[in-house]
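Notes follow once the structure below has been shown.
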Amino acid sequence: MDDEMVEMIHDLHGPMFEECRRESNEQDESDKISGMFPEIEEELYPGCLKFTSFNFLVKLMHIKVLNRWSDKSFDMLLELLNEAFPNGVKLPVSYYEAKKRLRDLGMGYESIHVCKFDCALFWKDYASLDKCPHCGESRYRLNDRKGKQIPHKVLRYFPLKARLQRLFLSKHTAEDMRWHKDKRCETEGILRHPADAEGWKHFDEQYPCFASDARNVRLALSSDGFNPFGNMSTSYSMWPVILIPYNLPPWKCMKAPFTFLSLLIPGPRSPGKEIDIYLQPLIDELNELWVDGIQTYDSFSASFFQLRAALLWTINDFPAYGDLSGWRTKGTILNIDGKTKDTIKAREDLANLKIRKELHIQEIGNKRVKPHASYKLTAAEKVDFCTFLKSVKFPDGFASNISRCVNLKEDKIYGLKSHDCHVLLQRLLPIGIRPYLRKDISTTISELSNFFHALCKKTLSISELDKMQDDIVVILCKLEKIFPPAFFDVMVHLAVHLRWEARIIGPVGYSWTYPIERSLCYLKQYVRNKARPEGSIAEAYVINESLNFCSMYLRGTETRWLGGVGFRQLTPDELEKSHWLHELAKHREHMRILESSNGNGDLYKRQQLEFPTWFKAKAQRLDCDKFISDDLYALACGPNDFARSYSGCITNGVRFHTKDRDSRRTSQNSGVVLFKCEWYDTSLRKNRINIVDGFTSINIRNRWYKDEPFILVSQAAQVFYVDDYKLGQDWKIVQQIQPRHVWDIPEIESNELEVTSDETISTCYPRVEHNLDSQTFNREDVEPSIIGDQEDIIAQLPEEASTDEALVDEEDFGSNNSSDESMSDEDYDNY
Numbered sequence: 001m002d003d004e005m006v007e008m009i010h011d012l013h014g015p016m017f018e019e020c021r022r023e024s025n026e027q028d029e030s031d032k033i034s035g036m037f038p039e040i041e042e043e044l045y046p047g048c049l050k051f052t053s054f055n056f057l058v059k060l061m062h063i064k065v066l067n068r069w070s071d072k073s074f075d076m077l078l079e080l081l082n083e084a085f086p087n088g089v090k091l092p093v094s095y096y097e098a099k100k101r102l103r104d105l106g107m108g109y110e111s112i113h114v115c116k117f118d119c120a121l122f123w124k125d126y127a128s129l130d131k132c133p134h135c136g137e138s139r140y141r142l143n144d145r146k147g148k149q150i151p152h153k154v155l156r157y158f159p160l161k162a163r164l165q166r167l168f169l170s171k172h173t174a175e176d177m178r179w180h181k182d183k184r185c186e187t188e189g190i191l192r193h194p195a196d197a198e199g200w201k202h203f204d205e206q207y208p209c210f211a212s213d214a215r216n217v218r219l220a221l222s223s224d225g226f227n228p229f230g231n232m233s234t235s236y237s238m239w240p241v242i243l244i245p246y247n248l249p250p251w252k253c254m255k256a257p258f259t260f261l262s263l264l265i266p267g268p269r270s271p272g273k274e275i276d277i278y279l280q281p282l283i284d285e286l287n288e289l290w291v292d293g294i295q296t297y298d299s300f301s302a303s304f305f306q307l308r309a310a311l312l313w314t315i316n317d318f319p320a321y322g323d324l325s326g327w328r329t330k331g332t333i334l335n336i337d338g339k340t341k342d343t344i345k346a347r348e349d350l351a352n353l354k355i356r357k358e359l360h361i362q363e364i365g366n367k368r369v370k371p372h373a374s375y376k377l378t379a380a381e382k383v384d385f386c387t388f389l390k391s392v393k394f395p396d397g398f399a400s401n402i403s404r405c406v407n408l409k410e411d412k413i414y415g416l417k418s419h420d421c422h423v424l425l426q427r428l429l430p431i432g433i434r435p436y437l438r439k440d441i442s443t444t445i446s447e448l449s450n451f452f453h454a455l456c457k458k459t460l461s462i463s464e465l466d467k468m469q470d471d472i473v474v475i476l477c478k479l480e481k482i483f484p485p486a487f488f489d490v491m492v493h494l495a496v497h498l499r500w501e502a503r504i505i506g507p508v509g510y511s512w513t514y515p516i517e518r519s520l521c522y523l524k525q526y527v528r529n530k531a532r533p534e535g536s537i538a539e540a541y542v543i544n545e546s547l548n549f550c551s552m553y554l555r556g557t558e559t560r561w562l563g564g565v566g567f568r569q570l571t572p573d574e575l576e577k578s579h580w581l582h583e584l585a586k587h588r589e590h591m592r593i594l595e596s597s598n599g600n601g602d603l604y605k606r607q608q609l610e611f612p613t614w615f616k617a618k619a620q621r622l623d624c625d626k627f628i629s630d631d632l633y634a635l636a637c638g639p640n641d642f643a644r645s646y647s648g649c650i651t652n653g654v655r656f657h658t659k660d661r662d663s664r665r666t667s668q669n670s671g672v673v674l675f676k677c678e679w680y681d682t683s684l685r686k687n688r689i690n691i692v693d694g695f696t697s698i699n700i701r702n703r704w705y706k707d708e709p710f711i712l713v714s715q716a717a718q719v720f721y722v723d724d725y726k727l728g729q730d731w732k733i734v735q736q737i738q739p740r741h742v743w744d745i746p747e748i749e750s751n752e753l754e755v756t757s758d759e760t761i762s763t764c765y766p767r768v769e770h771n772l773d774s775q776t777f778n779r780e781d782v783e784p785s786i787i788g789d790q791e792d793i794i795a796q797l798p799e800e801a802s803t804d805e806a807l808v809d810e811e812d813f814g815s816n817n818s819s820d821e822s823m824s825d826e827d828y829d830n831y
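Those letters in the sequence shown? Residues 1 to 831, by the UniProt record's numbering.
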């Protein structure tokens, strides 16, 4: 019998339906689950002892989803397997039949017809109508042919109650749904989870009855539009509505398997402010869950309870926020149309405002010249900056391959995704502009970078957030004294409110849209029938939802292959260094023997050379008398002079590669070389390390500690290196990272509650210099550019508007920043 699948079906069935079907219409669902018990015991083929038919199909479908096989390739594989296996094999003959067998594990969805003009849903009281009750438009498309009538629009609705209940039915998630109260370790002044934040605590104070049961679910709602056809010329906007439960621990919260697609709003146009029409089924169900709840079985406590749910807040970008709230969010404070930059018209505006005289258009003879602004790079500096970006390598999964977005011929950066801009601002921009811009400008940009870097950490300190609130005001004032007024629209001003949002919601990672954008990417991959994209996504989502649930019960699944294993013989010198223990040196019998021998020289060096041989001989003598354990004897004999050599290793959630392998890749993972390391000389007295303005640069030409190259794998931490153009060749800036999928969060049941190595707590947020002294607005080291007479200026405006912009939005061009090796690793981890 297949224990994995029996456990899964037992969790799904349990006593839940036996109890609940008397009060609700759960009889059909119960019969479906009960009918699967004989199927999970059925042999794959007569005499097969390793697989049942159901277990084999689940694992096969799991591989299909992970590797994104096409439906056609899966059909061909099933056809081959049916021919290869013995007679009587119990396998479906096509992907369609395979989906039907797994459909009972899913929770399905409802199709609701919508008015052509988004006036109303044909739902509840309007379900039987053939015309819209508001505008009178026909429910169906005009069709002279006989057969089923086709509605203008169809909303797919995925009921929430059954999906929330399933979180408590499975033993793998039921305990985690109360983590925020039972296991979360609360530290005064530290934010690790939304439950630590002021918004969660205020909600508990307002609704103590809801807060009394930790199993009641807190939800966030997110929605955004996407084009299911990618970057094709076809204009199409589909809007999924996704719900995120916050009860889960950080390593599961916001992950794709634990979020729910609730609504799939059809295209081809965005619903705009009529989105409230589409939200009606979800709002009704949320009201029911808030007021009455639903009886649910908790497999962790083996008891029933009344499950309730509450919607805390929404997660969305600013345009979507306007649609969901009904408020206007488009436009700027200064009512500036188009993009803001340093154009000729912007310079003339400065003259009209009688500010920043150094930047005004000047007349020299019969020519008009434009002074070079202090914040602008020269043509040569632009080339260097783009070359710097082209050379950057990130660790796997840290960011996409930004070098593909750099065009060295045109000195432009294009096709950046939102997360690429996030990395560019926090990591690369302050380093890249440091050699070229004036110190007060580069320092201000670095302070802005530090602000966002500190704000986006996994663990936040309230005291640091209070400092950041004062600092961001000063930073924005500094930016106002550097950049033209056209730079400051409402989006720049919003940085002032980010600290308050973090105090209310918790760490930024629980309210930003990156996990949602990854979910949209997965939904886009579900489209196989481009004539019916919504139907393709709905059908694929239900199947993948079933497989996600099954995967929690699959044991012994394979991990990703990391690389080949080689063998090499250790040199005698390496052999000696690899088994020396400094902690034992002065406390053992061998040191006393050396001291009594009255030998000359350094006893420590003598022991380092002689101890392994002495210890091995003594162990062999003790082994003859059986006075030594096998493990200690093996340790005394020293390491084997043949050792396995790997080109990569995963430890502490981080992937490391050797330098040789990294040199052939577009990503960088050799922060340290595992086990046998090369240590850079970081001596301050020898000027081998430079720490200025929060940047740590090291000279990579020199090494030290060559006699102590080995470390344990658990001691390895990951960094990556960026060229330091300011200090020149052989200097690199060290960038520390915290893996996105690794969490250092104490739990109440942990034996080491006092140990916390989170980056946010161990490092201090750098303070901002509160110096607002005026500086010159132009660069005196750069000659002003000649722009000609007035007629020439007018003729140049369109050309300048198209060529002056070095950063091009991803919407202006097709995405050239396609996934490489590192992004495929990220996709695998996020599945």
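We put the beta carbon where it would ideally sit given N, CA and C, even for glycine.
In chain order, what residues of the same chain lie with their CB nearer than 6 Å to the CB of residue i, ignoring the 5 residues before and after it?
| i | result |
| --- | --- |
| Arg560 | Model confidence at Arg560 stands at a pLDDT of 37, short of 50, so the residue's coordinates are unreliable and nothing is read from them. |
| Met8 | Tyr553 |
| Pro228 | Met238, Lys524, Val527 and Pro533 |
| Cys119 | Cys132, His134 and Cys135 |
| Lys153 | Val114 and Pro266 |
| residue 856 | What is shown of the chain runs 1 to 831, which leaves residue 856 out entirely. |
| Ala362 | The sequence given here places Gln at residue 362; Ala does not occur at that position. So the qualifying residues of the chain are Val369. |
| Thr378 | Val782 |
| Glu583 | Residue placement at Glu583 is poorly supported in this model, since its pLDDT is 45, which falls under 50; the coordinates still yield a value, given next. Around Glu583: no qualifying Cβ. |
Starting from the C-beta of residue i, find all residues in its chain whose C-beta is less than 8 Å away, skip the five residues before and the five after it, and write them out in chain order.
| i | result |
| --- | --- |
| Glu42 | Thr52, Ser53, Phe54 and Lys90 |
| Val383 | Leu408 and Asp411 |
| Cys637 | Lys616 and Ala619 |
| Phe305 | Asp213, Arg215, Gln295, Thr296 and Asp298 |
| Glu4 | Asn55, Tyr553, Leu554 and Arg555 |
| Ile425 | Residue identity check: residue 425 is Leu in the sequence provided, not Ile. Leu448, Ser449 and Phe452, listed in sequence order. |
| Val58 | Met5, Leu102, Leu547, Cys550 and Leu554 |
Can you find the residues in the same chain that come closer than 7 Å, C-beta to C-beta, to residue i, ignoring five residues on each side of it along the sequence?
| i | result |
| --- | --- |
| Ser391 | Asp723 |
| Arg163 | Met107 and Phe260 |
| Ser750 | Unreliable positioning characterises Ser750 in this predicted model, as indicated by a pLDDT of 43, which lies under 50. A coordinate reading is not provided. |
| Phe398 | Ile737 |
| Trp290 | Arg308, Ala309 and Ala310 |
| Asp11 | Leu169, Ser170, Lys171 and Ser299 |
| Asp809 | Bear in mind that a pLDDT of 46 at Asp809, under 50, signals an unreliable position, so the model cannot answer this. |
Whose CA, out of the options, lies closest to the CA of residue i?
| i | options | result |
| --- | --- | --- |
| Cys477 | Thr459, Lys457 and Leu448 | Leu448 |
| Cys521 | Gly225, Val369 and Ile315 | Gly225 |
| Phe452 | Ser463, Lys439, Met468 and Asp440 | Met468 |
| Pro766 | Leu465, Gly535 and Leu312 | Leu465 |
| Lys124 | Thr696, Val719 and Pro281 | Pro281 |
| Lys732 | Ile361, Lys393 and Ser511 | Lys393 |
| Pro748 | Val490, Trp179, Lys726 and Leu428 | The sequence given here places Ile at residue 748; Pro does not occur at that position. Checked all of Val490, Trp179, Lys726 and Leu428; the closest Cα to Ile748 is Trp179. |
Tell me which residue opens and which closes the beta strand (DSSP E) that residue i is part of.
| i | result |
| --- | --- |
| Trp313 | Ala309 to Ile315 |
| Gln525 | From DSSP, Gln525 is part of no beta strand (DSSP E) but of the alpha helix (DSSP H) over Tyr514 to Gln525. |
| Gln735 | Trp731 to Gln736 |
| Asn548 | Note, Asn548: premise wrong, no beta strand (DSSP E); alpha helix (DSSP H) at Pro533 to Ser551. |
| Ser223 | Val217 to Ser223 |
How far does the alpha helix (DSSP H) with residue i in it extend, from its first residue to its last?
| i | result |
| --- | --- |
| Arg163 | Lys161 to Leu169 |
| Asp723 | Run containing Asp723: none in the alpha helix (DSSP H); it sits in the beta strand (DSSP E), Val719 to Asp723. |
| His180 | Trp179 to Asp182 |
| Lys439 | Lys439 to Leu455 |
| Gly415 | Note, Gly415: premise wrong, no alpha helix (DSSP H); beta strand (DSSP E) at Lys412 to Leu416. |
| Gly352 | The amino acid occupying residue 352 in the given sequence is Asn; Gly does not appear at that position. Its alpha helix (DSSP H) spans residues Ile344 to Leu353. |
When DSSP builds the beta bridges, which residues end up paired with residue i?
| i | result |
| --- | --- |
| Ala373 | Asn778 |
| Thr52 | Glu43 |
| Gln362 | Val369 |
| Gln295 | Gln306 |
Is it true that the stretch 240-248 meets the stretch 545-552, where meeting means three or more beta-carbon pairs spaced less than 8 Å apart?
-> Too few Cβ pairs lie closer than 8 Å, so no.
Does the stretch 61-68 come close enough to the stretch 107-117 that 3 or more CB-CB pairs lie under 8 Å?
-> The stretch 61-68 and the stretch 107-117 do not touch, with fewer than three beta-carbon pairs separated by less than 8 Å.
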